[in-house]
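Numbering (the working numbering), first residue to last: 426 to 611. For each residue, glycine too, the CB sits at the ideal point set by N, CA and C. This report concerns only the one structure given below.
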């Protein structure tokens, strides 16, 4: 199956499974390509090609599954069993051997992760405030590539009360949010 076919199949599976469970906001099901797939795919411009991705709170697979379709090795961490079953169905239906699905809480998964796990970055979309993400990930010293909304400046100010880090903001191409790159976390 070609990449374009995988994205079409992804969209169909998302619509089908969304009749049984809440995977994305129902109001966005009419525009899955732009609101979810293209929004997630824009991270590809910023991610190093040779990196492995840990996607936090993967939910319906954004951005993790999209990045796996685009060729990255991705581990999706999701604590909700029914969402994990959806992600596993995507992995099988789309034939994504570079996608690993972990049904666990992020803090449990990361407690088993070495302090410097190597060539990994974290991604997340619609997951948690920045300070909470840093609470989970700061010990790993990994870089973060987050899809965040227009309130990111406020989230950064709050996070800076507890952590030191550098960051870059890149305007989203699909909405009024930002791609937020966080690095040098202390």
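- For residue 509 and residue 515, the rounded distance between their alpha carbons: 10 Å
- Write down every uninterrupted run of the beta strand (DSSP E) in the segment 534 to 575 whose length is 3 residues or greater and which is fully enclosed by it, in chain order. 545 to 550 and 568 to 573
- Where residue 586 and residue 556 are concerned, what is the direct C-alpha to C-alpha distance, given to the nearest angstrom? 9 Å
- Answer yes or no: do residue 467 and residue 598 have a C-beta to C-beta separation smaller than 8 Å? yes
- Query: Is residue 582 buried or exposed, if buried means 16 or more other CB atoms sit within 10 Å of its CB?
  - Reply: exposed
- residue 427: buried (16+ other C-beta within 10 angstroms of its C-beta) or exposed? exposed
- Item | CB-CB length for residue 572 against residue 550, believed under 8 Å | 4 Å
- Message: On a Cα-Cα basis, can you pick out the residue from 603, 478, 537 and 563 that is closest to residue 589?
- Response: 563
- Task: Can you grab the Cα-Cα spacing for the pair residue 431 / residue 560, in whole Å?
- Result: 34 Å
- Task: Determine the direct distance from the alpha carbon of residue 523 to that of residue 595, and round the result to whole angstroms.
- Result: 27 Å
- Contacting residues, own chain, Cβ-Cβ under 8 Å from residue 494 (five flanking each side not counted): 428, 431, 432, 435, 519 and 521
- Message: Tell me the residue span of the alpha helix (DSSP H) that contains residue 491.
- Response: 489 to 494
- Item | Contact set for residue 501: own chain, Cβ-Cβ below 6 Å, skip 5 residues either direction | 480, 483, 489, 512 and 526
- Item | Where residue 592 sits in the DSSP three-state scheme | strand
- Item | Residue span of the alpha helix (DSSP H) that contains residue 603, given as start and end | Premise fails: residue 603 lies in the beta strand (DSSP E), 603 to 608, not in any alpha helix (DSSP H).
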